[in-house]
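Undergrad:
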Amino acid sequence: MAAVNERKTEDIVREHFKGDDYYKQDKIVLEEQASESSLITKLLRNASKYGNAGGKPDFIIQYKDDTDFLIVIECKANIKNHDSREGDNYASYAIDGVKLYSSYLSKDFDVLAIAISGIDKINLKINHFLQLKDVSKSEPIFGGELLSLRAYLEGYKKDERKFKQDFSELLNYSKALNDVFHSLKIKESQRSLLIAGVLIALNDNAFNVSYKIENDYKKLVNNFLNAISTRLKNADNTYIIEEIVVSYSFLKTHTILSHDVSVLKNLIKEIDGKANSFIKNYKYFDTLGQFYIEFLRYANNDKGLGIVLTPPHITALFCELANK
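Residue numbering for the sequence shown is -15 to 308, as defined by the numbering used here.
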């Protein structure tokens, strides 16, 4: 009877998510007990609630456009089996079990773990926990109700813990990228310029597709310059556009970059994956400014780069004054 009752809990969850707009629009993959993803299967290989086999969560949800984020759900029919005092009775309690799965999946994913108990839709007991990748502990998030798939995704992206982790990774990447530029003998005065150019060019749909398959260095650089020019075409002064494009002429004659087209392609791909993705997720954060700050930190002096940034506390002050 207990197994039958638990099926009722699963029916409630299944009905909720299959009625969601994201499911109807084919934006997510909803799986039960097992996943077709080889990575997820591998991570759950030793996550059995009984300690002797692979883990089988009641539901696994993957977002097709946000593949680093995963939802895992564990159901129990009886509310009394929601959580144990010790927290390690994985087979009998919803929270214990879903946290176990989360601990394994978080080795490669940011995980939203949802524990759901009860067979009455109105009186369900629900807890949410967010466990970020490579973080040993999960933390409570959201409330005690099932939300839409959009709400889960947006809440995850806006979570302060997620921002801190992403920002820390961004700063680490900016230092690593600066080291790469140094090894490629790209001048300090050209490094921030190159990053800005890549971010501009990536906003051009044609370039975003073509750079990945272009194997001729000269054509890649020309496409890069044309993309920048196209994105800036609405500027009031065409002379300014020409001056900006000319400033990237060093790419045409750069000895190391021109020797192997894959070097520049990989740089663009990394900047897209690291910096551009951060910009898209945190639209109101001065991402490029953080890159500049890091590059200035490693430069001999500010004048060497020709960039002088207004200190953050001054910009914050004047923003407050402007609002008043």
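Glycine residues also receive a C-beta, built at the ideal position from the N, C-alpha and C atoms.
Because the structure is a prediction, the values reported are computed rather than measured.
(1) In its own chain, which residues sit with a C-beta less than 6 Å from the C-beta of L216, not counting the 5 before and 5 after it?
(2) What are the boundary residues of the alpha helix (DSSP H) that E172 is part of?
(3) Indicate whether D4 and S132 have their beta-carbon atoms separated by less than 8 Å.
(4) Assuming L168 and L241 are in contact, meaning their beta carbons sit under 8 Å apart, how far apart are those beta carbons, in whole angstroms?
(5) Which residue comes first and which comes last in the alpha helix (DSSP H) that contains H243?
(6) Between the segment 54 to 61 and the segment 87 to 96, do three or more beta carbon pairs fall short of 8 Å?
(7) What do you reckon, are the CB atoms on I110 and I100 nearer than 8 Å?
(8) DSSP on R296, reduced to helix/strand/coil?
(9) Taking the alpha-carbon positions, what's the Q274 to S152 distance?
(10) If you reduce the DSSP assignment to three classes, tell me which class A306 lands in.
(11) So, for I12: in the same chain, excluding its five sequence neighbours on each side, which residues have a beta-carbon less than 7 Å away from its beta-carbon?
(12) Judging by CA-CA distance, which residue of D72, G39, I24, G102 is the nearest neighbour of N30?
(13) Closest to H243 by C-alpha separation, out of Y201, L209, S68, would be which residue?
(14) When DSSP labels each residue in this structure, what does A97 get in the three-state scheme?
(15) Hey, out of K146, H112, K60, whose CA is closest to D94's CA?
(16) How many Å lie between R(-9) and G128 at the Cα?
(17) Would you kindly check if the distance between the Cβ of I252 and the Cβ of I228 is under 8 Å?
(18) Which residues does DSSP list as the beta-bridge partners of L114?
(19) Considering only residues of the same chain and omitting the five flanking positions on each side of N284, which have a CB-CB separation below 8 Å?
(20) Since I believe Y77 is in contact with K60 (beta carbons under 8 Å), could you give me their beta-carbon distance rounded to a whole number of angstroms?
(21) Could you compute how far the alpha carbon of E(-6) sits from the alpha carbon of L14?
(22) Which term fits Y85, buried or exposed, when burial requires 16 or more other beta carbons within 10 angstroms of its beta carbon?
(23) Does the Cβ-Cβ distance between L114 and D143 come in under 8 Å?
TA: Put simply:
(1) I225
(2) 172 to 185
(3) yes
(4) 7 Å
(5) 239 to 243
(6) yes
(7) yes
(8) The sequence given here has Pro at residue 296, not Arg. Three-state result, P296: helix.
(9) 11 Å
(10) helix
(11) Y6, I45, Q46, Y47, K48, L133
(12) Selected option, being the one with the closest Cα: G39.
(13) Y201
(14) strand
(15) K146
(16) 21 Å
(17) no
(18) L96, E123
(19) In this predicted model, N284 has a pLDDT of only 49, less than 50, meaning its place in the structure is not dependable; the value taken from the coordinates is given anyway. Counting only Cβ-Cβ distances below 8 Å, and skipping sequence neighbours, we find E172.
(20) 7 Å
(21) 13 Å
(22) buried
(23) yes
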